[in-house]
Amino acid sequence: MKTNQYHRYFAGKPLALAVSLSIFASPTLVAAQDSTAEVLPTIQVQADFRHTDIDQLAEAISVVNAQQIEARSADHLEAILSFAPNVNFAGGSSRARYFQIRGIGERSQFVEPVNPSVGLQIDGIDMTGLGGAATLFDVQQVEILRGPQGTRFGANALAGFINVDSKAPTKETEGYIKAKLGNYDSWGIGGAVSGSLADNLQARVAWNQTASDGFIENVRVNRDDTNNIDEQVLRAKLSWQPAADHNVDITLLRADIDNGYDAFTLDYDKQEARQTDSDQPGHDRQKTNAASIRWDGKVNTVVNIQLDLSGSNNKIDYGFDEDWSFDGLHPLGYNYFDQYLREFNRNTVDLRLLSGADGAIFNQTTDWVFGVYHANRDEKLTRNRTTKTQYVSDLDIRSIAAYGELNSELRNGTYLIYGLRYENWEYEFANSADIENSRSQDLWGGKIALEQLLNDDHLGYVSLARGYKPGGINNDPDIDDVYRTFDTETNNALEFGLKSSWRDDKLKTRLAIFYIQRKNQQVKASFNSRAPGEAPEFEEFLRNAAQGRNYGIELENRFELNDKLMVMSNIGYLKTQLKDFSFETEDGVVNQSGRAQAHAPSLSISSAMEYHFLPYLTGRLEGERKSSFFFSDSHNVKSRSYNLLHARLSYQRNQLGVALYGRNLTDQKHDVRGFLFGNDPRVDYENREYRQLAAPRTFGMDVSYKF
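Numbered according to mature numbering (1 follows the signal peptide of the UniProt record, and there is no 0), the sequence shown spans residues -31 to -1, 1 to 676.
Encoded structure:
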């Protein structure tokens, strides 16, 4: 069985090739390394069945800790995703709600139900597809698991999984308050307090509010806050030890998101100036009330038990000015507002047994995990659209799964890990257009991996994993019946990896090479239709391509050169391809076979350099690069490639902390969402490109006080 003796050397955080190459290319710099450089701490991954050192795991994982979150002055998950190679997100909302890992993942949701490819969990609560609540105040770490997680998470982890863990209660009383001010009338305030309520009971409470006018000027209504941010999150956590070797963790979460959404315009010049012309600015609201309970107990020395319970109620109010303009723009124009009211209710139960200290089987060579899982998900939609009949739909999903994983020591330093998950997925759907559908699917996924400790400093692995995403229904009555349903997508992912420690644990590197074969790939197709005298209809639906492929390489590094200087960097290279995918439009057949998949940039790089000028004064410089990528599988509009520069200067002395920060210091324009369709009556609704721009240059100051 594994012990920390073999793996204690491996722990790292994501680094970047651009910086690491310059380091390796400079023998003088490496030779001058100060012997006082700190040994990098181990990182425990919470999303695994057991809390495990990141470099004991035979898969590609990036962990962003609290220090890195603070160093980026990050308020939301979208701000730190570039720390992980080959990870992207889609706009089309006030905050990133959908994510892509290795080129796989959804980009939006309007009318159709969506089964996301990337799962999101916050403190044990399933928040998949509800990324607006992924704020980062008082968060301990974010774990980004790349590749299918068929054994552990099943249907919502075809591409990977993102796990967010907030800070745990402490026995000693502690706390802090924090305030932030920035341009665009940005501000934030929050605090946390933690300590013991009794000898066996600890608690932590954190609250935060973040606000900003946003960076869009609406020249029609003469306002500069129509794309604003206004977010409040309250979290309470209890940790209770009812008996020896038993622990119960309880989390209560409330999120109140009241953001504006006003990001698109018909005119290119206004788009580039971040101006809009809508006379009915939109909004992007979310109210979440959620809870989770984990019981972690030791039955005896042979068996441990874990029980995870979670439940959430989430109300989404997403609306926008559909014409992106104003009444009277043109005689052929229209003036519509489109609103989507969704309510998600989710409940999950996950019970598993794990081998204890004396529980290994097969002559004490094999640790084991066996579990059962049950989930109920209910999604109700009410769509209110100007001049149109109200649309209502109801989707009920039930999932039951059984899973197991064995971890066998074949010989000293060689391990075989093999897991399997069987899942029965059922849904019932009905809408106000008299479309009804129900379906039951038997699904399976899993993983087999061979892990080899090459020596005390290098761990190599090869793995083959299978992930799956259930099929479903397209509920738009205008969709041809041949596309009414779509099938389950599966992928098979082959991965080779090497995790290494160099120079007495001062330098950590992680390398992954992967190849993914996608079968029955679910792709989003879209088309425009317009009846005489009517507004244009932008229709989207899911269908299956025969298959696709995704392959690439990822390298992460972190180097503590001495007690003053640290550099970190990561690089992701990705190639993707659609195969056997074509569809009909009014202009004929569009064949996208052989083209790259959407939101899959071929190159993503991030790097950072941190220098301690004094024990209490630290400077940090970061860079990001991302190549262009297609916005959609159904058209060929691409984003702009970009290079971003961020900086932070922080002062921390005793309890007081002050920091100055700047992001996108060169004010480079780049895109987070894009479309190609007809929406402008002045050009007779011909197809044109439209883009949502990412944030411009932002800067500000953080002040904190610890007690």
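Even for Gly, the Cβ is constructed at its ideal location relative to N, Cα and C.
(message) In the DSSP assignment, the alpha helix (DSSP H) including residue 678 goes from what residue to what residue?
(response) The displayed coordinates of the chain run from -31 to 676. Any statement about residue 678 would go beyond what the structure contains.
(message) Rounded to whole angstroms, what is the Cα-Cα separation between residue 437 and residue 50?
(response) Straight-line Cα distance between these residues: approximately 23 Å.
(request) Tell me, please, which residues DSSP counts as bridged to residue 520. (result) Beta-bridge pairing links residue 520 to 484, 544.
(message) On the CB-based measure, 16 or more other CB atoms within 10 Å of its CB, does residue 277 come out buried or exposed?
(response) So residue 277 counts as buried.
(message) Helix, strand or coil, according to DSSP, for residue 452 in the structure here?
(response) Residue 452: helix per DSSP, three-state reduction.
(request) Whole angstroms is fine: what's the gap from residue 667's alpha carbon to residue 283's? (result) Distance between the alpha carbons of residue 667 and residue 283 is about 31 Å.
(request) Out of 247, 519, 526, state which residue places its alpha-carbon closest to the alpha-carbon of residue 570. (result) When only C-alpha atoms are compared, the closest one is 519.
(message) In whole angstroms, give me the CA-to-CA distance for residue 220 and residue 653.
(response) Rounded to whole angstroms, residue 220 to residue 653 spans 54 Å at the Cα level.
(request) May I ask which residues mark the beginning and end of the alpha helix (DSSP H) holding residue 237? (result) Note, residue 237: alpha helix (DSSP H), 237 to 241.
(request) Determine the closest residue to residue 593 out of 604, 458, 580, 538, with distance taken between C-alpha atoms. (result) Taking the Cα of residue 593 as reference, the smallest distance to any Cα among 604, 458, 580, 538 is reached at 538.
(request) Kindly identify the DSSP beta-bridge partner or partners of residue 320. (result) According to DSSP, which records beta bridges pairwise, residue 320 is partnered with 276, 341.
(message) For residue 603 and residue 201, I'd like the C-alpha separation in whole angstroms.
(response) In this model, residue 603 and residue 201 are separated by some 37 Å (Cα to Cα).
(request) Under 7 Å Cβ to Cβ from residue 47, same chain only, skipping five residues before and after it: list those, please. (result) Closer than 7 Å at the Cβ level, and outside the excluded window around residue 47, lie 58, 64, 65.
(request) Please specify which runs of the beta strand (DSSP E), each continuous and at least 3 residues long, are wholly inside the segment 169 to 243, giving them in chain order. (result) Entirely contained in the segment 169 to 243, the beta strand (DSSP E) runs reaching 3 residues are, in chain order, 170 to 181, 198 to 209, 215 to 230.
(message) I need the boundaries of the beta strand (DSSP E) containing residue 305, first residue and last residue.
(response) Unbroken run through residue 305: none, as it is neither H nor E.
(request) From the DSSP output, read off the bridge partner residues of residue 149. (result) Answer by DSSP bridge pairing, in chain order: 157, 671.
(request) With DSSP as the reference, label residue 436 as helix, strand or coil. (result) Strand.
(request) Count the CB pairs spanning the segment 88 to 108 and the segment 437 to 456 that are closer than 8 Å, and state whether there are at least three. (result) Verdict: no, contact absent.
(request) Evaluate residue 661 with the Cβ neighbour count: other Cβ atoms within 10 Å of its Cβ, from every protein chain shown; 16 or more gives buried, anything less gives exposed. (result) It counts as buried.
(message) Between 229, 306, 272, 227, which has its C-alpha nearest residue 249's C-alpha?
(response) Answer by Cα proximity: 306.
(request) Take every Cβ of the segment 107 to 125, pair it with every Cβ of the segment 397 to 416, and state whether three or more of those distances are shorter than 8 Å. (result) Yes, the segment 107 to 125 touches the segment 397 to 416.
(message) Given a cut-off of 8 Å on the beta-carbon distance, is the pair residue 670 and residue 150 in contact?
(response) A contact, by the Cβ cut-off of 8 Å.
(message) Between the alpha carbons of residue 534 and residue 615, how many angstroms are there, rounded?
(response) Each residue's alpha carbon lies about 17 Å from the other.
(request) Return helix, strand or coil for residue 162, following the three-state DSSP convention. (result) If DSSP states are grouped into helix, strand and coil, residue 162 belongs with the strands.
(message) Going by C-alpha to C-alpha distance, which of 355, 442, 621 sits closest to residue 585?
(response) Taking only the C-alpha atoms, the option nearest residue 585 is 621.
(request) Determine the DSSP secondary structure at residue 651, reduced to helix, strand or coil. (result) Looking at residue 651 - three-state DSSP - the assignment turns out to be helix.
(message) Under 8 Å, with one C-beta from each stretch per pair, do the segment 68 to 82 and the segment 252 to 263 reach the 3-pair mark?
(response) Fewer than three pairs of CB atoms, one per stretch, sit closer than 8 Å, so the segment 68 to 82 makes no contact with the segment 252 to 263.
(message) In the DSSP assignment, the beta strand (DSSP E) including residue 252 goes from what residue to what residue?
(response) According to the DSSP assignment, residue 252 belongs to the beta strand (DSSP E) that extends over 251 to 267.
(request) Taking residue 147 and residue 160 to be in contact with their CB atoms under 8 Å, please state how far apart those CB atoms are, rounded to whole angstroms. (result) That belief holds up - the Cβ atoms of residue 147 and residue 160 are roughly 7 Å apart, short of 8 Å.
(message) Is it buried or exposed, residue 37, if we count other Cβ atoms within 10 angstroms and call 16 or more buried?
(response) With 16 or more Cβ atoms within 10 Å of its Cβ, residue 37 is classed as buried.
(request) Just list the beta strand (DSSP E) runs in the segment 599 to 664, keeping only unbroken ones of 3 residues or longer that don't cross its boundaries, in chain order. (result) Counting only runs that start and end inside the segment 599 to 664, the beta strand (DSSP E) elements of at least 3 residues fall at 611 to 622, 625 to 632, 640 to 646, 657 to 662.
(message) Just to confirm the assignment, what range does the beta strand (DSSP E) spanning residue 554 have?
(response) Where residue 554 is concerned, the enclosing beta strand (DSSP E) stretches over 551 to 554.
(request) State the Cα-Cα distance for the pair residue 32 and residue 536, rounded to the nearest angstrom. (result) Here the alpha carbon of residue 32 sits roughly 16 Å from the alpha carbon of residue 536.
(message) Taking the alpha-carbon of residue 216 as reference, which of 193, 190, 266, 240 has the nearest alpha-carbon?
(response) Cα-wise, what sits closest to residue 216 is 266.
(message) My assumption, with CB atoms under 8 Å, is that residue 432 sits in contact with residue 124. Please give the rounded CB distance.
(response) Not a contact, Cβ separation roughly 20 Å.
(message) Quick check on the DSSP output: the beta strand (DSSP E) that includes residue 298 runs from which residue to which?
(response) Where residue 298 is concerned, there is no enclosing beta strand (DSSP E), given that its DSSP letter is neither H nor E.
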